[in-house]
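Just so you know, we're using my numbering here: the sequence shown kicks off at 29 and counts up by one. Here the structure is laid out as structure tokens; the discussion comes afterwards.
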Amino acid sequence: MKHSKKRGHDSEEPLGVEDSAEPAADGDSAPPEIDVSEEETASPASDAPDETGVQAESEKFLRLAAEYDNYRKRTAKERLEAGGRAQAELVRRLTDALDDLARFAHVDPASTDATTLVQGVEMVEKKLLRELGALGLEVINPVDQPFDPAVHEAVATEPTPAKEDDHMVARVYQPGYLFQSQLIRPARVVVKQWNG
């Protein structure tokens, strides 16, 4: 075995490095020692991330971000189109009632009695309510029902002699509406109040 005897800065062989060509003295073949200088001179790129891997991941990320952006735009467009279709369906359902109202606008009042006009208006109202009801509209008309502040708005009170009528709806000034179980407008009502 050769050992470097020089320990100065001018040494060509690193300290403690054995010559791997000479077998071990005891007959066992010992693994050769690794020259530390070889590890230090190894390519620094092996410690750094692989450029192609980083670039590939970056491209995947950019593609995914673009796909998500396209998905978001597409779903927003589909929501707008669905809303437009729903509005068109509503208008389509109301056109018959609108035509009936137009007929009433052109009726000669001199040749038509009031009863006929009232019956015609009631017919249009029923048609409108039927079409809107098919879409999910419910009328809130709570006469003689308990007052419910969630769907009723009290505009006045009136006294009642009976205790059991306390907080019951006496009259409806304006009906309320629910659309698909969502309150559109509360019913405006007069509420009975017992003062006994």
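Virtual Cβ for every residue (Gly too), placed ideally from N, Cα, C.
Cβ-based neighbour list, residue i, same chain, cut-off 6 Å, excluding 5 preceding and 5 following
i: aspartate 124; result: none
i: glutamate 67; result: Since pLDDT at glutamate 67 reaches only 48, below the 50 mark, its modelled position is unreliable, and the value read off the structure follows with that caveat. Taken in chain order, the list of residues that qualify is empty.
i: glutamate 159; result: Arg121
i: valine 146; result: none
i: glutamine 210; result: none
i: glutamate 181; result: Pro214 and Arg216
i: tryptophan 222; result: Thr188, Lys191 and Asp194
Beta-carbon separation (whole angstroms), residue i vs residue j, contact threshold 8 Å
i: aspartate 127; j: lysine 155; result: Actually they do not touch by this definition, with Cβ atoms about 10 Å apart.
i: glycine 204; j: valine 179; result: 6 Å
i: threonine 185; j: aspartate 194; result: Threonine 185 to aspartate 194, Cβ: 10 Å. No contact.
i: valine 218; j: alanine 198; result: 5 Å
i: methionine 196; j: aspartate 176; result: Incorrect: roughly 11 Å between the Cβ atoms, too far for contact.
i: proline 174; j: alanine 215; result: About 13 Å separates the two Cβ atoms, so there is no contact after all.
Residue i - partner residues in DSSP beta bridges
i: arginine 100; result: Answer by DSSP bridge pairing: none, since arginine 100 is not bridged.
i: threonine 123; result: Partner(s): none; threonine 123 has no beta bridge.
i: lysine 220; result: Glu186
i: proline 174; result: Met196
i: valine 167; result: Tyr205
i: glutamate 181; result: Arg216
i: glutamine 210; result: Phe207
Any chain B beta carbon closer than 8 Å to residue i
i: valine 152; result: The structure shown contains no chain B; it holds only a single protein chain.
Close beta carbons around residue i, own chain, < 7 Å, minus the five adjacent residues each side
i: leucine 206; result: Glu166, Ile168 and Ile212
i: glycine 148; result: Phe132
i: glutamine 208; result: Gly164
i: threonine 143; result: none
Local conformation of residue i per DSSP, three classes
i: threonine 143; result: helix
i: alanine 110; result: helix
i: alanine 12; result: It is not possible to answer for residue 12, since the shown part of the chain is limited to 29 through 224.
i: alanine 49; result: With a pLDDT of 48 at alanine 49, under the threshold of 50, the modelled position of this residue cannot be trusted, and the question is left open.
i: alanine 116; result: helix
i: valine 135; result: coil
i: aspartate 128; result: helix
Residues near residue i by beta carbon distance below 8 Å, same chain, minus five either side
i: lysine 105; result: none
i: alanine 114; result: none
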